[in-house]
Amino acid sequence: MEDTQSVATLMDSTTSKIQLLQKAFAELESHRAVTLNLQWKQLEEHFNGLQKSLKRRFTELEDQEKEFETKIVQSTEILEKRQAAVIAKEQASLQRLQEKRDAAVSAISIALEKHRNPCSVEPTVINCEVQDEPSVLEEKPDNVTEIGQVTGDTWKSFQDGVVEVKSYPELVNLCRNMDSEGLHKFISDNRKNLAALREEIPLALRASTNPASLVLDSLNGFYNSDVSISDAKKDANLLGLRRTCIMLLECLSTLLNTLDIDSISSIISENIRGRAKAIAEEWNLKLDELDVDANNGNSLEAHAFLQLLATFSISSNFNQENLSKLIPMVSRRRQTADLCRSLGLSDRMPGVIDVLINNGRHIDAVNLAFAFELTEQFPPVSLLKSYLNEASKASTPLNSGNASPTVQNDVNEKELSALKAVLKCIEDHKLEEQYLVDPLQKRVHQLEKVKADKKKATEVAKPQSKRPRPNGVGTGPRVNNVVTEKNFYPRMTDRYPQPVYDRPYAYPGPTSTHVPSFMGAPAYNFSPGHDFFGNGYHYQAPYLH
1 MEDTQSVATL MDSTTSKIQL LQKAFAELES HRAVTLNLQW KQLEEHFNGL QKSLKRRFTE
61 LEDQEKEFET KIVQSTEILE KRQAAVIAKE QASLQRLQEK RDAAVSAISI ALEKHRNPCS
121 VEPTVINCEV QDEPSVLEEK PDNVTEIGQV TGDTWKSFQD GVVEVKSYPE LVNLCRNMDS
181 EGLHKFISDN RKNLAALREE IPLALRASTN PASLVLDSLN GFYNSDVSIS DAKKDANLLG
241 LRRTCIMLLE CLSTLLNTLD IDSISSIISE NIRGRAKAIA EEWNLKLDEL DVDANNGNSL
301 EAHAFLQLLA TFSISSNFNQ ENLSKLIPMV SRRRQTADLC RSLGLSDRMP GVIDVLINNG
361 RHIDAVNLAF AFELTEQFPP VSLLKSYLNE ASKASTPLNS GNASPTVQND VNEKELSALK
421 AVLKCIEDHK LEEQYLVDPL QKRVHQLEKV KADKKKATEV AKPQSKRPRP NGVGTGPRVN
481 NVVTEKNFYP RMTDRYPQPV YDRPYAYPGP TSTHVPSFMG APAYNFSPGH DFFGNGYHYQ
541 APYLH
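Residues 1 to 545 in the UniProt record's numbering are what the sequence shown spells out, letter by letter.
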């Protein structure tokens, strides 16, 4: 600033110096002996031009200095904001790390306590059947043990003693008798209460003399030789059986996680491990025949294969790269992240996510990125926007109005499904602050309105049947002069006798959930929005078949 003020002072003194120069020039003219061709006006114009040029340049330099100072202030503010964001992320990461550490320490403490006192007495709440009465506390007997760390001696006591389950005591008898077929049938009959079954099957497996062998026996029929690959996708009974097999493998894995090393070694013997390996090798050969379900990330076959490897710890016998190529086949199953960790595939997740993105399955990629904390490498918001952009590009050629109504309806339905999937993903991962949902919701309402209008137009175009008369009489032709008291003519035999059916009608009982096979109804019936085993992401409705 001092240099600037000195320059301005010098420029202001230019006028006085020019006046002094004028006086000196006049004095010079008065003493000249020879006439000079140089006039004072020329000198004055020259110096005035220099003064204006200097002032203009000085003004430009001042403006540049102010602009530079403004940029410095802005850059400083940006750096401070970024520094604050980095500090906030560090604090959040430290907080998450501390929470995980506390949870791990707590889990270790609980496991050690249960290991020291495996049969400790704890109160349990027994709900009274009479309404509006308080619950009764009852102490558990010493021979009843919940899921916890189990030693080898405790495992023997389970086989000889009593195993308590809350809702389905029949499970204990089925497991004790090693009845794999009966176990399948029981799960099928009670498939509406799968959450309770998932909790009690690991307890019931403790009553079995060999739970691993029981689960391996239950895998018989997973691949029915009488059913082709294409027909298997339409066989509801076979699909239900496969889901049950996956659930039993998961329940056995849950049980093994509560045992110590000696108990696990006694259950997963070399013979059992060899049987599991043989089944896995047989299933591995059949995975090459998978079709659309595998490409859409909802393959029961690939899921069962990977769960078999994880449960019996035989993944080392198979190529890790080939196993990672199977992950996109099960990317929509809710157990995918846990399976990858159990199989030691966490390091290969970036490659798996790249494959999903290249195949247009950005929703699955976002889910895995959050599951394995790879959101810095794979930003979820940009992936979701890219997914919607591709969906909109697919419908752009049809916006000209030349497409048939059926094709246009299919395109609108796909776009609507994609929007709902993105909204569900944003809600699940709490991305509302990063991705505004209002424009997406407006587009959803618009497409739903178009869909509803077309549905109304279709219903109006359909011919409506006649309404029945108020007195309950049908709409048949009126017959006059009918004699009701006397029958003048004997009843004629039917010209075309009634057909005789080969099978009688079958009416299922009130408690039976199995339907005879000749009726063609599947034994596993589910509502469109119901996930049989909770195995799929619900926001991916457009992908599930």
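Note that CB positions come from ideal geometry on N, CA and C, so glycine has one too. Given the structure is predicted, the values throughout are model-derived calculations rather than measurements.
Could you check which residue in K277, L256, L259 and L249 has the C-alpha nearest to that of H303?
-> What you label residue 303 is simply residue 303 of the sequence shown in a count that begins at 1. Checking every option, the nearest Cα to that of H303 belongs to L249.
Sequence-distant residues of its chain with Cβ nearer than 6 Å to D217 (five each side left out) | In the sequence shown, counting from the first residue as 1, residue 217 sits at position 217. S180, listed in sequence order.
Is R333 helix, strand or coil when you go by DSSP?
-> Within the sequence shown, residue 333 is the residue found at index 333, counting from 1. In the structure shown, R333 adopts extended strand secondary structure according to DSSP, grouped into three states.
Could you check how far apart the C-beta atoms of A204 and C175 are, in whole angstroms? I think they sit under 8 Å.
-> The residue labelled residue 204 in the question sits at position 204 within the sequence shown. The residue labelled residue 175 in the question sits at position 175 within the sequence shown. The Cβ separation is near 5 Å, so the contact holds.
Nearest candidate by alpha-carbon position, reference V215, set D235, T336 and I279 | Translated into positions along the sequence shown, residue 215 becomes position 215. With distances taken between Cα atoms, V215 lies closest to I279.
Give the DSSP-derived three-state secondary structure of L374 in the structure shown.
-> Position 374 of the sequence shown holds residue 374. In this structure, L374 counts as coil in the three-state DSSP scheme.
Top-ranked residue by Cα proximity to F370, from S313, I78 and K430 = To locate residue 370, count along the sequence shown from 1; it is residue 370. When only C-alpha atoms are compared, the closest one is K430.
Run through the stretch 48 to 86 for me and flag every whole beta strand (DSSP E) of 3 or more residues, listed as ranges in chain order.
-> If we require 3 residues or more, the stretch 48 to 86 turns out to have no beta strand (DSSP E) run fully inside it.
Between the stretch 409 to 420 and the stretch 382 to 391, do three or more beta carbon pairs fall short of 8 Å?
-> Contact between the stretch 409 to 420 and the stretch 382 to 391 is present, because at least three Cβ pairs lie under 8 Å.
In this structure, does DSSP put N525 in helix, strand or coil?
-> Walking along the sequence shown from the start, residue 525 turns up at place 525. Unreliable placement is indicated for N525, whose pLDDT of 41 sits below 50; the coordinate value is still reported in the next sentence. Three-state result, N525: coil.
Rounded to whole angstroms, what's the CA-CA distance from E113 to E99? Just pull it up for me.
-> Counting from one through the sequence shown, the residue named residue 113 turns up at place 113. Counting from one through the sequence shown, the residue named residue 99 turns up at place 99. Their backbone Cα atoms lie some 21 Å apart in a straight line.
Give the secondary structure of L259 by DSSP, where H, G and I count as helix, E and B as strand, and everything else as coil.
-> The residue labelled residue 259 in the question sits at position 259 within the sequence shown. Correct three-state label for L259: strand.
Does the ligand MN have even one heavy atom less than 7 Å from the beta-carbon of L447?
-> As for the ligand MN, it is missing from this structure, which has no ligand bound.
Does DSSP classify E432 as helix, strand or coil?
-> As a first step, residue 432 is located in the sequence shown; it is residue number 432 there, counting from the start. Looking at E432 - three-state DSSP - the assignment turns out to be coil, as it is neither helix nor strand.
Would DSSP call V227 helix, strand or coil?
-> The sequence position of residue 227 within the sequence shown is 227, counting from 1. Three-state DSSP puts V227 in coil, outside helix and strand.
Around the C-beta of G274, are 16 or more other C-beta atoms found within 10 angstroms, so that it is buried, or is it exposed?
-> Residue numbering aside, residue 274 sits at position 274 when the sequence shown is read from its first letter. G274 is exposed by the Cβ-count criterion.
According to the neighbour-count rule (16 or more other Cβ atoms, all chains shown, within 10 Å of its Cβ), is G240 buried or exposed?
-> As a position in the sequence shown, residue 240 is number 240, starting the count at 1. Counting the other Cβ atoms within 10 Å of the Cβ of G240 gives 16 or more, which makes it buried.
May I ask you to report which of helix, strand or coil DSSP gives L309?
-> For this step, residue 309 is matched to residue 309 along the sequence shown. In the three-state reduction of the DSSP assignment, L309 falls in the helix class.
Where the alpha helix (DSSP H) containing A276 begins and where it ends | Residue mapping note: residue 276 aligns to position 276 of the sequence shown, counting from 1. Start and end: E270 to K286.
What is the rounded straight-line gap between the Cα of E200 and the Cα of G182?
-> Locating residue 200 in the sequence shown gives position 200, counting from the first residue. Locating residue 182 in the sequence shown gives position 182, counting from the first residue. Approximately 16 Å, taken between the alpha carbons.
What are the start and end residues of the alpha helix (DSSP H) that includes D217?
-> One-based indexing of the sequence shown puts residue 217 at position 217. Residues P211 to S218.
Can you give the Cα-Cα distance for Q74 and S382, rounded to whole angstroms?
-> As a position in the sequence shown, residue 74 is number 74, starting the count at 1. As a position in the sequence shown, residue 382 is number 382, starting the count at 1. So the alpha carbons of these two residues sit roughly 27 Å apart.
Confirm, please, whether the CB-CB distance from L43 to F25 is below 8 Å.
-> Counting from one through the sequence shown, the residue named residue 25 turns up at place 25. Counting from one through the sequence shown, the residue named residue 43 turns up at place 43. In contact: F25 and L43 (Cβ atoms closer than 8 Å).
From V407, L285 and E281, pick the residue whose C-alpha is nearest to that of N317; which is it?
-> Position 317 of the sequence shown, counted from the first residue, corresponds to residue 317. Considering only alpha carbons, the answer is E281.
Return helix, strand or coil for D12, following the three-state DSSP convention.
-> Residue mapping note: residue 12 aligns to position 12 of the sequence shown, counting from 1. DSSP places D12 in helix when its eight states are reduced to three.
Can you name, in chain order, every residue of its own chain whose Cβ lies under 8 Å from the Cβ of F186, other than the five neighbours on each side?
-> Here residue 186 refers to the residue found at position 186 of the sequence shown. Taken in chain order, the residues that qualify are Y168, E170, L171 and L174.
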